[in-house]
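**Student:** Take this structure first; my questions come after.
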Amino acid sequence: MTISDNGEGYFAEREDAQMKKQEDKKVRDEEREIRRKKKLEDDEMKAEKRRRKEAEKTEEEQEKLKEKERKEKYGKLAEKKYRCGVCDIRGRINDEMYGIEWYGCYNDTCKTTGWYHFESLSDSEKAVIRESLDDEDVRWYCKACFPRLYEEE
Ligand SMILES: [Zn+2]
Ligand SMILES: [Zn+2]
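For what it's worth, the working numbering labels the leading residue of the sequence shown as 12, then goes sequentially.
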């Protein structure tokens, strides 16, 4: 004699089936929940990507703007500041690239523009600059400001 023969088995089976049904539902719910979360994550990731792209774009634009400003400012600065005290030619941003050296007189109230092409300087000034090239602390003064520094002995 087995359990199922006396009706108890029937209930047991029914209970099993119900439990299985509930379990299946639970699994389905969990799966749905996982899918829902995954979708949320995906959406979040997409949004994040979009935000990053947006940020990159703004950064790029800002960089371009800064570059433009820098050029304008530098151009003006160069125009204002680097005018050779000897030949009166204005300095260019890329002078250095072409091996054109500029030297500034340390005197804040320089008698000329305060800036000189190395090649425009007098021999004695060139000599002084050449001598002091290795010394970072040296303060160079132009001949216009301190002619006595260049007087031949
Ligand atoms: Zn010059
Ligand atoms: Zn000077």
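In this text, a Cβ means the ideal position worked out from N, Cα and C, and glycines have one as well.
Predicted model only: the values in this text are computed from it and were never measured.
1. Which of the three DSSP states, helix, strand or coil, is assigned to L103?
2. Three or more C-beta pairs under 8 Å: does that hold for the region 90-104 against the region 62-77?
3. Opposite Y114 in the DSSP bridges: which residues?
4. What I want to know is whether the C-beta of C116 ends up closer than 6 Å to one or more non-hydrogen atoms of ligand 1.
5. Going by DSSP in three states, R94 sits in which element: helix, strand or coil?
6. Give every residue of the same chain whose Cβ lies closer than 6 Å to the Cβ of T124, excluding the five residues on either side of it in the sequence, and list them in chain order.
7. My output table needs one value for S143: the three-state DSSP class, helix, strand or coil.
8. Kindly indicate which residue of I45, D54, E130 has the alpha-carbon position closest to the one of C98.
**Tutor:** With the structure as the only source:
1. The displayed chain sequence assigns Arg, not Leu, to residue 103. Correct three-state label for R103: coil.
2. With a cut-off of 8 Å, the region 62-77 and the region 90-104 do not count as touching, because too few Cβ pairs lie within range.
3. DSSP lists Y127 as partners of Y114.
4. No, Cβ of C116 sits at least 6 Å from all heavy atoms of ligand 1.
5. For R94, the secondary structure class from DSSP, reduced to helix, strand or coil, is strand.
6. Within its own chain, the residues whose Cβ lies closer than 6 Å to the Cβ of T124, once the five positions on either side in sequence are excluded, are R94, G96, listed in chain order.
7. It is helical.
8. The shortest Cα separation from C98 among I45, D54, E130 belongs to E130.
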